[in-house]
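Quick note: the sequence shown uses our numbering, first residue 5, plus one each step.
Even glycine gets a Cβ: it sits at the ideal position worked out from N, Cα and C.
First comes the structure, then the notes that go with it.
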Amino acid sequence: MHEKHSNICNDGHNQFLIDVLSSGRFLIWLAKRHPEVRNYLGLEIRQKLVNRADFWVKELALDNVHFLFANAMVSFNQLVSTYPGPLVLVSILCPDPHFKKRHHKRRVVQKPLVDSIIHNLMPGGQVPSLDSCTALDDGSLF
Numbered sequence: 005m006h007e008k009h010s011n012i013c014n015d016g017h018n019q020f021l022i023d024v025l026s027s028g029r030f031l032i033w034l035a036k037r038h039p040e041v042r043n044y045l046g047l048e049i050r051q052k053l054v055n056r057a058d059f060w061v062k063e064l065a066l067d068n069v070h071f072l073f074a075n076a077m078v079s080f081n082q083l084v085s086t087y088p089g090p091l092v093l094v095s096i097l098c099p100d101p102h103f104k105k106r107h108h109k110r111r112v113v114q115k116p117l118v119d120s121i122i123h124n125l126m127p128g129g130q131v132p133s134l135d136s137c138t139a140l141d142d143g144s145l146f
């Protein structure tokens, strides 16, 4: 297993699930339901939410879910491209849509991230998203 994955995965050949903009609740729920076959990684740009999720993981003694303080737009491909197991799911729940045109560059779901997800996701993998942003709702990014 690649050195950077040994710190976040209990078995590098297990299925890999990533939650972008992770407050922690969704991944912890999944990790409790499927502890033996999957590794879960939450990426969050707010350190406070990473700290809170890490606290919950320790309290629940889960070893298959981890959270990183990271910008998914910048770090996603670097984090997943060398993972030896299959990437089966990337969830993007409630990204900030930044409706004003001058703030579009701050959107999390942009073409480079979508391209990286498509490149790394196994055939048949899933990308559930929940958002009110028209670009996501109408499927124009996927």
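| Asked | Found |
| --- | --- |
| 7 Å Cβ cutoff met for residue 47 and residue 78 | no |
| Alpha-carbon to alpha-carbon, residue 51 and residue 45 | 15 Å |
| Distance CB(residue 72)-CB(residue 20) smaller than 7 Å | no |
| Element boundaries [alpha helix (DSSP H), containing residue 113] | Looking at the DSSP string, residue 113 is not in any alpha helix (DSSP H), and its letter there is neither H nor E. |
| Bounding residues of the beta strand (DSSP E) (the contiguous stretch that carries residue 48) | 42 to 48 |
| Beta-carbon spacing of residue 27, residue 66 below 7 Å | no |
| Proximal residues to residue 1 (C-beta, below 7 Å), its chain only, five neighbours per side dropped | Residue coverage of the chain in this structure runs from 5 to 146, which leaves residue 1 outside it and unanswerable. |
| Alpha carbon of residue 55 to alpha carbon of residue 128, nearest angstrom | 32 Å |
| 6 Å CB neighbourhood of residue 31 in its chain, flanking five on each side removed | 23, 44, 46 and 69 |
| CB of residue 94 within 7 Å of CB of residue 118, strictly | no |
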